[in-house]
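Visitor:
The structure is reproduced here in structure tokens:
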């Protein structure tokens, strides 16, 4: 089967109190899936994020900045402004392996699914420096799906991604990827936007990584940035 590679829009939500870090743009630009855009929703007062967007555009990274409007759902606003055929949630604090988009898209497209999610990820505790394999779980912030599925949220008055994922899973429309947990590293912190749930870190750990695995996880050559 020969796969085409449609445009994937990675939606990154910020708030005035939490500007995006530079690594958000770095990890996006290093994705080996080429046909992609980063859609950053930011407050008009967030000058730091606005400057990072400008710098990214200046070096040729495909970024769409969306200034958040008052009295609108800023998630729906960002999705509607995006140009992609597919939408991917792109949390600005967590770590995304350079192969995340390509692996996730190829996996679900190869099985004829329109939506996918990672059910195993890595959890990193910045206080202790320890990493853990997660329990099996539908990790909402790893959702990748056709844009038409996201537009159903507004049409059907679905309040958040958690409800959307629940419906997709119940209808057997969600491809669940339980291998390659290294594709996504979750870092506990205040979620910048509450459209997606924040898991309970302490109850989400299955087992700690070995020192060998952890050293491999965070080596420069592994992440490439």
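In my numbering, the protein residues as written are 4 to 228. Don't be surprised by glycine CBs; every beta carbon is placed ideally from N, CA and C.
1) At the level of alpha carbons, what is the spacing between residue 66 and residue 60?
2) Taking a contact to mean a Cβ-Cβ separation below 9 angstroms, would you say residue 180 touches residue 144 in this structure?
3) Only counting the same chain, and skipping five residues up and downstream in sequence, which positions put a Cβ closer than 6 angstroms to that of residue 77?
4) Measure the C-alpha to C-alpha separation of residue 155 and residue 178 and round it to an integer number of angstroms.
5) Where does residue 37 land, buried or exposed, given buried means 16+ other C-beta within 10 angstroms?
6) With burial defined as no fewer than 16 other Cβ atoms inside 10 Å of the residue's Cβ, what is the status of residue 90: buried or exposed?
7) Buried or exposed for residue 150, going by 16 or more other Cβ atoms inside 10 Å?
8) Quick one: complete alpha helix (DSSP H) runs, 4+ long, within the segment 123-173?
9) Using the three-state DSSP reduction, which class does residue 23 fall into: helix, strand or coil?
10) When DSSP labels each residue in this structure, what does residue 65 get in the three-state scheme?
11) Just to confirm my understanding: we take residue 128, look at its own chain, exclude 5 residues before and 5 after, and list those with CB closer than 8 angstroms. What are they?
12) On the criterion of 16 or more Cβ atoms from any shown chain inside 10 Å, does residue 95 qualify as buried, or is it exposed?
13) List the residues that DSSP assigns as beta-bridge partners of residue 16.
14) Using DSSP's beta-bridge definition, name the partner residues of residue 116.
15) CB-CB under 8 angstroms to residue 168, same chain, minus the five flanking residues each way: which ones, in chain order?
16) Any idea what DSSP makes of residue 234, helix, strand or coil?
Guide: The short version:
1) 6 angstroms
2) Not in contact: residue 180 and residue 144 (Cβ atoms no closer than 9 angstroms).
3) 44, 71
4) 18 angstroms
5) Classification for residue 37: exposed.
6) Burial call: buried.
7) buried
8) 150-158, 164-173
9) coil
10) coil
11) Excluding sequence positions up to five before and after residue 128, its CB lies within less than 8 angstroms of the CB of 134, 135, 191, 204, all in the same chain and listed in chain order.
12) buried
13) 44
14) Looking at the DSSP output, residue 116 sits in no beta bridge, so it has no partner there.
15) 120, 141, 143, 146, 177
16) Nothing in the structure corresponds to residue 234, since the chain is present only between 4 and 228.
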